[in-house]
Amino acid sequence: ANLRSWWDLVYQKTLSNVYQQKPRLIQVSGGTDFVIQGLTLQNAPDFNIVTDGVTGV
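Count along the sequence shown from 1, add 99, and you get the number used in our numbering.
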């Protein structure tokens, strides 16, 4: 199988001078009292967790 990580794709695009969008693993927009517990996040292409307008994280 020809499996690649996001890091491989980003590196390849950088060599080609092309921008590669990198998705976030978890993005939460708006809300209160947000809890993440018991997760293992690995090899995020950009950020693991991004919050915007969230209180009580």
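Every residue, glycine too, gets a C-beta built ideally from N, C-alpha and C. Owing to the predicted nature of the structure, the values given are computational and were not obtained by experimental measurement.
Locate the alpha helix (DSSP H) running through residue i, then write down its first and last residues.
| i | result |
| --- | --- |
| glutamine 126 | No alpha helix (DSSP H) holds glutamine 126; the beta strand (DSSP E) holding it covers 125-131. |
| valine 156 | Segment: none, valine 156 is in no alpha helix (DSSP H) and carries neither H nor E. |
| aspartate 107 | 105-114 |
What residues in its chain sit with their C-beta under 7 Å from that of residue i, if we drop five residues either side in the sequence?
| i | result |
| --- | --- |
| serine 128 | Asp151, Gly152 |
| serine 104 | Asn142 |
| threonine 154 | Thr131 |
Rounded to the nearest angstrom, what separates residue i and residue j at their Cα positions?
| i | j | result |
| --- | --- | --- |
| serine 115 | aspartate 132 | 43 Å |
| valine 134 | phenylalanine 146 | 17 Å |
| glutamine 136 | isoleucine 125 | 13 Å |
| arginine 123 | leucine 138 | 15 Å |
| valine 149 | valine 156 | 11 Å |
Which residues in the same chain have their Cβ closer than 6 Å to the Cβ of residue i, if we skip the five residues on either side of it in sequence?
| i | result |
| --- | --- |
| leucine 140 | Leu124, Asn147 |
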